[in-house]
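Comments concern the structure below.
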Amino acid sequence: MKYLSILLFVLFTSAVFAGSTQTNTSGSNTAIEGGYTSTATTTYESGSESTSTTNNTTNSDIKSSPPSASAPSYNSMTQDVCAVGVSAGVQTFGFGVSGGKHVIDKNCERLKLARILNDFGMKVAAVAILCQDERVFESMIQAGTPCPIDGKIGKEAKALWSKYDHERPDYKTYVKRMDDREKKEKELAKKKALEEKKRLKEEAKMTKEFEKIEKELEKEKIITPKKKPVNWESPK
24 MKYLSILLFV LFTSAVFAGS TQTNTSGSNT AIEGGYTSTA TTTYESGSES
74 TSTTNNTTNS DIKSSPPSAS APSYNSMTQD VCAVGVSAGV QTFGFGVSGG
124 KHVIDKNCER LKLARILNDF GMKVAAVAIL CQDERVFESM IQAGTPCPID
174 GKIGKEAKAL WSKYDHERPD YKTYVKRMDD REKKEKELAK KKALEEKKRL
224 KEEAKMTKEF EKIEKELEKE KIITPKKKPV NWESPK
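This note's numbering runs 23 ahead of the 1-based position in the sequence shown.
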C-alpha cells in the first residue's frame, strides 16, 4: 500500500511551467514577464483527496531616461571683450542637438568707447556716442540738454532734432508719445468745450429766471399810503 500511494502521487502531480520574455527597444525599455503554476493531488487509501494549487505571475516594465545633450560652454579669452557666450541643447529619445555662439554686447562697447573718448578730452564726442542709446537720448531731452547733432549743442541742437526727428534713436517711441499726447489734447479740449457749454447754459437759465422775477415785481408793485405829517405843539 505504501508503494501504491507513492505511485498515485507521481501520476497525479502536474509539471511546472515557467516562462519569461525580455524585449529591448529604443530608449532602453525593458519588459520582464514570468509565470509559475503548480498543482498537487494526493489520494489516500481511505478514499480522501487533497488538492493544492499555486499560481505566481510577475510583470515588469522599466523605462530609462534618455541621455542628455550637453550644450558647449563659450567663454571669452579676456575680460576686456564685450562678448557673451550663449549655448543650448535639445534631447529626445532618438535625437539630440546642441550648439553655441558668441554674442556682442553693444551697450558694453558703447560704454568703453565713451570712456576712452572722455579720457582723450573729447567730452562732446563721448556724450554723442552715449546718445546712440535711446534711453540716454530721452533722458537728455527731458533734462533740457539735447544730444549733439551736426556739431550743434543746446537750443540749436534741439531745433535740428525737431526738424529731423526721424533721425532720433527713439523715433518709434517718440512718434507713439506724440500720438498719445495729441489724443490727450483732443480729449481735454472736448472736455473743456462741454464744460463751457454747460456753464453758458446755466448762465442763460439764471438770466431767464432773473428776468422773470423782475417782470413779476413790475406787475405787482406795492403802493404804500402816504403818512400825514405830525405837528408837534409845545405844552402850555
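Every residue gets a Cβ at the ideal spot worked out from N, C-alpha and C, and that includes glycine.
None of these values were measured; they are calculated from a predicted model.
For residue i, count the other beta carbons within 10 Å of its own beta carbon; 16 or more makes it buried, fewer makes it exposed. Which is it?
| i | result |
| --- | --- |
| V131 | One detail in the question is off: residue 131 reads as Cys in this sequence, not Val. It is exposed - the Cβ of C131 has fewer than 16 other Cβ atoms within 10 Å. |
| A212 | exposed |
| F160 | buried |
| E226 | exposed |
| L223 | exposed |
| R191 | buried |
| L217 | exposed |
| S49 | Reliability of the predicted coordinates at S49 is poor, the pLDDT of 43 falling under 50, and the value obtained from them is presented with this limitation in mind. It is exposed - the Cβ of S49 has fewer than 16 other Cβ atoms within 10 Å. |
Find the nearest neighbour of residue i within the set the options, judged by alpha-carbon distance.
| i | options | result |
| --- | --- | --- |
| C105 | F116, V126, A111, G177 | V126 |
| H189 | Q165, G177, G167, E157 | E157 |
| G123 | K221, M145, S110 | S110 |
| K175 | G144, A148, K221, T196 | A148 |
| G108 | D128, T81, K199 | D128 |
| W184 | I164, R200, D202, T196 | I164 |
| A182 | T196, G167, D193, T76 | G167 |
Can you tell me where the alpha helix (DSSP H) with residue i in it begins and where it stops?
| i | result |
| --- | --- |
| K231 | 194-242 |
| Q155 | No alpha helix (DSSP H) contains Q155, which DSSP labels as neither H nor E. |
| A182 | 177-186 |
Just reading off the beta strand (DSSP E) that residue i is part of, what are its end residues?
| i | result |
| --- | --- |
| I127 | 119-127 |
| G144 | No beta strand (DSSP E) holds G144; DSSP gives it neither H nor E. |
| G167 | Note, G167: premise wrong, no beta strand (DSSP E); not H, not E. |
| G112 | 106-114 |
Quick check: does the Cβ of residue i come within less than 7 Å of any heavy atom belonging to the ligand FMN?
| i | result |
| --- | --- |
| E226 | In the structure on display, the ligand FMN does not appear, and there are no ligands present to speak of. |
Check whether the Cβ of residue i lies closer than 8 Å to any Cβ atom in chain D.
| i | result |
| --- | --- |
| R138 | Here there is only one protein chain, and chain D is not present. |
Inset, instruction - Check whether the segment 158-173 touches the segment 201-209, counting contact only when three or more Cβ pairs, one atom from each stretch, lie closer than 8 Å. - result: By the Cβ test, the segment 158-173 is not in contact with the segment 201-209, since fewer than three Cβ pairs between them sit closer than 8 Å.
Legend entry - Validate contact between the segment 151-166 and the segment 136-143 using beta carbons, cut 8 Å, 3 pairs: Yes, the segment 151-166 is in contact with the segment 136-143.
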